[in-house]
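If you read the sequences in order, they're chains A and B.
Numbered per this note's numbering, the first sequence spans residues 52 to 545.
Numbered per this note's numbering, the second sequence spans residues 50 to 194.
The C-beta atom is built at its ideal place from N, Cα and C for all residues, glycine as well.
Predicted model, so just to flag it, every value in this text is computed and none were measured.
Beneath this line is the structure, given in structure tokens, with notes to follow.
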Amino acid sequence: MKMKLTKYQQEMLDGKHGECKQFCMDKLVDFGKAVEATEMVDLVLVLNECPIWIKDRRKPETLEKLNMYDLGHSPLYDPIFEMKDAHVEDESGCACGNDPYLIQLDKRGEILGPPTGKPWNFELPGKGSFRLDAEMVAGFKAGYDKLMEHGWLPWHSCNPYFNTRIPKMGEYAASSESSAACYINTILGARTNRESAVNTVYCAYTGCLPKYGTHLDEYRAAKCIVELDDEVRNNIKGMADWGALGACIAEKAENRIMAVLNLPKKMGPGATKNLISCASPGMNDPILHLMGYTPESPTLEAAFKGKMPKNPERYKVTMDDIVEMYRHLNAIAPAPGPEKAKPVDIVFFGCPHCTFEEVREVARLVKGKKVKPGVHLWVQTDTPSYFMAQHYGDAKIIEEAGGHIYHQTCIAMTPIRHYPKGTTIATDSFKYVKLGGGFGPNWIYGNPEALVNAAVTGVFTPTARWEYWSQPREKRLASEKERPLYDGGVPMLS
Amino acid sequence: MEQKIVLTGIARSKGKAAGEALVNRQRIGWAFNHVGNEDGMVLAPGTDMKGQIVTGKIFVYPTTAGSTSGAVSLYYKCKVSQHGPAGLICREVHWIDISGAIAGEIPAVDKLDQDPIETIKTGDWVEIDAPEVGAKATVTITRKE
């Protein structure tokens, strides 16, 4: 099947707009054949990954390091970096930027200097240390500089859709960041696949992409319904709960797109971001029809794209499911130690990057306290929130407590396989426990208050709230008879 | 005694390949956190093939899971670090893996006339012949009895 191209797309393919655009169009047209696309979409946003640019990447000792550090995308840029006419800022009007990567660029001196405790050079008493490799850091800076020359925007975050380039309904994007893809589809109503990180390189330089997958209604339609129990709707609290809820919804739907009913009324950006970030580890299609939130789904009929069966398959999420999800996540690579006092080495927030409200929550929880010596508290966020936190004092609170707040980078982009043996990492990121669970460290999944407490005391202790919800259901319900749960009906304080 | 089974399916990425089969019943992706770029070792927790090396093998699995960087990591393992699989057989090759296989220049096949997860056994010798994307591909399984 031949793909229909616009005049401009055809001209790019014919080489009339330079070598780079022709090279990239060739690759996209090839991919279009494989997915049987009949036309291209015009993109407003490309979200990709900055490369490590090293001229002689095949040199054995360099290759060995790249094998540890490179996600695999960097060599794809090599031919493009050789082309004199490579540029992304052009008449296509497509904003291109990247996920967080190896380092915080404006603190590069601290990374390359002696260990300061800044991510990512750190020591864990009795376990060893980790240092980023200077050649890889230099390669990342070289790749970054080259992209800036090419007109990429320096957002370096998984969340540019919050504040930097916000696609709207009817527009198309190419996001190789899964959580961004899911947010763009689910909350903003624009259309993107969880785009292959090979394609996004070529998308950036052409501003287009074969129309396929989640661009099309047939791959956006709900296939089943997942309904939250009232108990869940009323009691989800804390960023880890939202992550666990997203994970439960994805698990119930078994990798199918679902319509979600009975959601809480006011889910803020942190809640929705954590809920939808189940898309990469929990489900392949980057869209959930969150009824009441998803713009293209004002009704169930619309969520099913007009093909709702008479009795769609229906699943329920209960608080017991949420509790089970916590247990599952804490059992992937279980941390050693007593059940109520598991020692931690690193506590991190922000995968995907923290929203400003999440940064503030950590600051509120850690205010006036001190992180235990030898333990690391890391808060990773996007650039706007980072500087808001500097301006409004939240960053100072976190730093004074002995924690670190940073932007442009992410723990997930460091070679975690090479962290000291036996490292225990505690987080509220479902996405990263699930994706990073096989890397070697031990993982703890918990809510912010328990995590900050762990950073301060050095041991993870579940909260009283966990103690309550993790009891067997009958016991819990019996205790509710004696002390009924607050149902939101009357003010708690008179 | 040898048993031969011939299946036909659709090529999603073209090429010819032969190797020993590794059959993984769970969804799995090719990102560096699922299969190491530096050694081709399966790292993904809860998978049948955890700890196995994929290098030069025909990897059989239902479809992808996890990160979109599976595309670039698959390409990298095949073309740069030389720890990639020789070919992919899926119930459905996901778009992410199609793109990685094309860039990595290895064949990827799906929509076989029998379920590959049930039909192929780990250790079988498998040959893939996938001459053209979107066209018929042949998978020949040789099993020592």
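* Asked: Which residues of chain A have a Cβ atom closer than 7 Å to the Cβ of Ala152 of chain B, listed in chain order?
  -> As a working mapping, residue 152 of chain B is identified with position 103 in the second sequence. Under the 7 Å cutoff, chain A gives Val249.
* Closest by C-alpha distance to Phe438 of chain A, when choosing among A:Gly190, A:Trp206 and A:Ser480 -> In the first sequence, the residue the question calls residue 438 of chain A occupies position 387. Nearest C-alpha to Phe438 of chain A: A:Trp206.
* Asked: Going along the stretch 110-141 of chain A in order, which residues come within less than 8 Å of chain B, judged by CB to CB distance?
  -> Near chain B, meaning a CB-to-CB distance below 8 Å, the residues of the stretch 110-141 of chain A are Leu114, Glu115, Leu117, Asn118, Met119, Asp121, Leu122, Gly123, His124, Pro126 and Leu127.
* With 16 other CB atoms within 10 Å as the buried threshold, where does Lys110 of chain A fall? -> Against the first sequence, residue 110 of chain A aligns to sequence position 59. Exposed, because fewer than 16 other Cβ atoms sit within 10 Å of the Cβ of Lys110 of chain A.
* **Rounded Cβ spacing between Thr475 of chain A and Asp396 of chain A (contact assumed at less than 8 Å)** => Start at 1 with the first residue of the first sequence, and residue 475 of chain A comes out as number 424. Start at 1 with the first residue of the first sequence, and residue 396 of chain A comes out as number 345. Contact flag correct, Cβ pair sits at about 5 Å.
* Report back the beta-carbon spacing between Pro483 of chain A and Ala501 of chain A to the nearest angstrom; my notes put them in contact at under 8 Å. => On the first sequence, position 432 is the one that residue 483 of chain A refers to. On the first sequence, position 450 is the one that residue 501 of chain A refers to. Before going on, a small fix: residue 483 of chain A reads as Tyr here, not Pro. About 17 Å; that fails the 8 Å criterion.
* Taking only runs of the alpha helix (DSSP H) that begin and end inside the stretch 172-207 of chain A, which ones reach a length of at least 4 residues, in chain order? -> Taken in chain order, the complete alpha helix (DSSP H) segments of 4 or more residues contained in the stretch 172-207 of chain A are 185-200.
* To do: Helix, strand or coil for Pro99 of chain A, going by three-state DSSP, please let me know.
  => Residue 99 of chain A sits at position 48 when you count from the first residue of the first sequence. Per the sequence shown, residue 99 of chain A should be read as Asn rather than Pro. Asn99 of chain A: strand per DSSP, three-state reduction.
* **Val283 of chain A, enclosing beta strand (DSSP E) - first and last residue** => Start at 1 with the first residue of the first sequence, and residue 283 of chain A comes out as number 232. Element bounds for Val283 of chain A: not the beta strand (DSSP E) but the alpha helix (DSSP H), Asp281 to Asn286.
* **Reduced DSSP category for Glu90 of chain A - H, G, I as helix; E, B as strand; rest coil** => By one-based count along the first sequence, residue 90 of chain A stands at place 39. Look at Glu90 of chain A here: in three-state DSSP terms it is strand.
* To do: Report the rounded CA-to-CA distance for Arg216 of chain A versus Leu96 of chain A, giving the unit in angstroms.
  => Here residue 216 of chain A refers to the residue found at position 165 when the first sequence is read from its first residue. Here residue 96 of chain A refers to the residue found at position 45 when the first sequence is read from its first residue. Rounded to the nearest whole angstrom, the CA to CA distance from Arg216 of chain A to Leu96 of chain A is 7 Å.
* Could you check where the beta strand (DSSP E) with Pro403 of chain A kicks off and where it finishes? -> The residue labelled residue 403 of chain A in the question sits at position 352 within the first sequence. Counting along the chain, the beta strand (DSSP E) containing Pro403 of chain A begins and ends at Ile397 to Cys405.
* Quick one: is Leu96 of chain A near chain B, going by C-beta distance under 7 Å? -> As a position in the first sequence, residue 96 of chain A is number 45, starting the count at 1. It does not: the Cβ of Leu96 of chain A has no partner Cβ on chain B nearer than 7 Å.
* Which first and last residues belong to the alpha helix (DSSP H) in which Gly119 of chain B is found? -> Along the second sequence, read from residue 1 onward, the residue named residue 119 of chain B stands at position 70. Run containing Gly119 of chain B: Gly119 to Lys128, per the alpha helix (DSSP H) assignment.
* To do: For the alpha helix (DSSP H) holding Leu212 of chain A, just list the boundary residues, first then last.
  => Here residue 212 of chain A is taken as the residue at index 161 of the first sequence, counted from 1. Checking the sequence shown, residue 212 of chain A turns out to be Tyr, not Leu. Counting along the chain, the alpha helix (DSSP H) containing Tyr212 of chain A begins and ends at Pro211 to Asn214.
* To do: Can you give me the Cβ contacts of Ser545 of chain A inside the same chain, cut-off strictly under 6 Å, excluding the 5 residues immediately before and after it?
  => The residue you call residue 545 of chain A lines up with position 494 of the first sequence. Note that Ser545 of chain A scores 39 on pLDDT, short of 50, meaning its location in the model is unreliable; the coordinates nonetheless yield the value given after this. Excluding positions up to five away in sequence, the list is empty.
* Inter-residue Cα distance where the pair is Ala120 of chain B and Lys58 of chain A -> Position 71 of the second sequence, counted from the first residue, corresponds to residue 120 of chain B. Position 7 of the first sequence, counted from the first residue, corresponds to residue 58 of chain A. Straight-line measurement puts the Cα of Lys58 of chain A at about 30 Å from the Cα of Ala120 of chain B.
* Asked: Can you give, in chain order, each stretch of the beta strand (DSSP E) that sits fully within the stretch 267-338 of chain A and has at least 3 residues?
  -> Within the stretch 267-338 of chain A, the complete beta strand (DSSP E) runs of at least 3 residues are 275-279 and 309-312.
* List the residues of chain A whose Cβ lies closer than 9 Å to the Cβ of Pro94 of chain B, in chain order. => Taking the first residue of the second sequence as position 1, residue 94 of chain B is located at position 45. Listed along the chain, the chain A residues whose CB falls inside 9 Å of the CB of Pro94 of chain B are Ile383, Ala384, Lys485, Gly488 and Gly489.
* To do: Kindly identify the DSSP beta-bridge partner or partners of Cys147 of chain A.
  => Against the first sequence, residue 147 of chain A aligns to sequence position 96. In the DSSP output, where bridge partners are listed per residue, Cys147 of chain A has A:Val97.
* To do: Quick one: which residues of the stretch 74-99 of chain A get their C-beta closer than 7 Å to a C-beta of chain B? List them in chain order.
  => Flagged, chain order: Asp81, Phe82, Lys84, Ala85, Val86 and Glu87.
* Asked: What residues of chain A sit near Thr117 of chain B, judged by a beta carbon separation below 7 Å?
  -> Here the question's residue 117 of chain B lines up with position 68 in the second sequence. What Thr117 of chain B touches in chain A, judged by beta-carbon distance under 7 Å, is Ser227, Ser229, Arg245, Glu246, Ser247 and Ala248, going in chain order.
* Kindly say whether Ser545 of chain A, judged by its beta-carbon, lies nearer than 7 Å to any beta-carbon of chain B. => By 1-based counting over the first sequence, the position of residue 545 of chain A is 494. At Ser545 of chain A, the pLDDT of 39 sits below 50, so the modelled position is not reliable and the matter cannot be decided from this model.
* To do: State the DSSP-derived secondary structure class of Leu528 of chain A, mapped to helix, strand or coil.
  => Indexing the first sequence from 1 puts residue 528 of chain A at position 477. DSSP, read as helix, strand or coil, puts Leu528 of chain A in helix.
* Interface residues of chain B around Ser331 of chain A at Cβ under 7 Å? -> Taking the first residue of the first sequence as 1, we reach residue 331 of chain A at position 280. Here the neighbours are Gly115 and Ser116.
* Asked: For Val84 of chain B, which beta-bridge partners are listed by DSSP?
  -> In the second sequence, the residue the question calls residue 84 of chain B occupies position 35. For Val84 of chain B, which the question treats as bridged, DSSP gives the partners B:Val91.
* Going straight from the alpha carbon of Gly343 of chain A to that of Gly297 of chain A, what length do you get? -> Start at 1 with the first residue of the first sequence, and residue 343 of chain A comes out as number 292. Start at 1 with the first residue of the first sequence, and residue 297 of chain A comes out as number 246. Approximately 16 Å, taken between the alpha carbons.
* With a cut-off of 7 Å, does the C-beta of Gly264 of chain A fall near any C-beta of chain B? -> Here the question's residue 264 of chain A lines up with position 213 in the first sequence. Taking a beta-carbon distance threshold of 7 Å, Gly264 of chain A counts as an interface residue toward chain B.
* Please indicate yes or no: does the CB of Val398 of chain A lie closer than 6 Å to some heavy atom of the ligand NAD? => Within the structure as shown, the ligand NAD is missing, as the structure has no ligands at all.
* To do: Count the other C-beta atoms from every protein chain shown that fall within 10 angstroms of the C-beta of Arg468 of chain A, then say buried if there are 16 or more, exposed otherwise.
  => The residue labelled residue 468 of chain A in the question sits at position 417 within the first sequence. Its Cβ being crowded by 16 or more others within 10 Å, Arg468 of chain A is buried.
* Asked: Based on the DSSP output, what are the partners of Thr432 of chain A in its beta bridges?
  -> Residue mapping note: residue 432 of chain A aligns to position 381 of the first sequence, counting from 1. According to DSSP, Thr432 of chain A bridges with A:Cys405.
* With DSSP as the reference, label Ser229 of chain A as helix, strand or coil. => Residue 229 of chain A sits at position 178 when you count from the first residue of the first sequence. Three-state DSSP puts Ser229 of chain A in a helix.
* **Leu380 of chain A and Val503 of chain A closer than 7 Å at C-beta** => As a first step, residue 380 of chain A is located in the first sequence; it is residue number 329 there, counting from the start. As a first step, residue 503 of chain A is located in the first sequence; it is residue number 452 there, counting from the start. No, the pair does not count as a contact, with Cβ atoms beyond the cut-off.
* Run down chain B in chain order and give the residues with a C-beta less than 9 Å from the C-beta of Asn286 of chain A. => Counting from 1 along the first sequence, the entry for residue 286 of chain A is found at position 235. Those within 9 Å of Asn286 of chain A in chain B number zero; the least Cβ separation is about 28 Å.
* Who pairs with Tyr366 of chain A in a beta bridge, going by DSSP? -> Here residue 366 of chain A refers to the residue found at position 315 when the first sequence is read from its first residue. Note: Tyr366 of chain A sits in a beta bridge opposite A:Val277.
* Closer than 7 Å, CB to CB, is Tyr110 of chain B near chain A or not? -> Taking the first residue of the second sequence as 1, we reach residue 110 of chain B at position 61. Chain A, which has no Cβ nearer than 7 Å to the Cβ of Tyr110 of chain B, makes this no.
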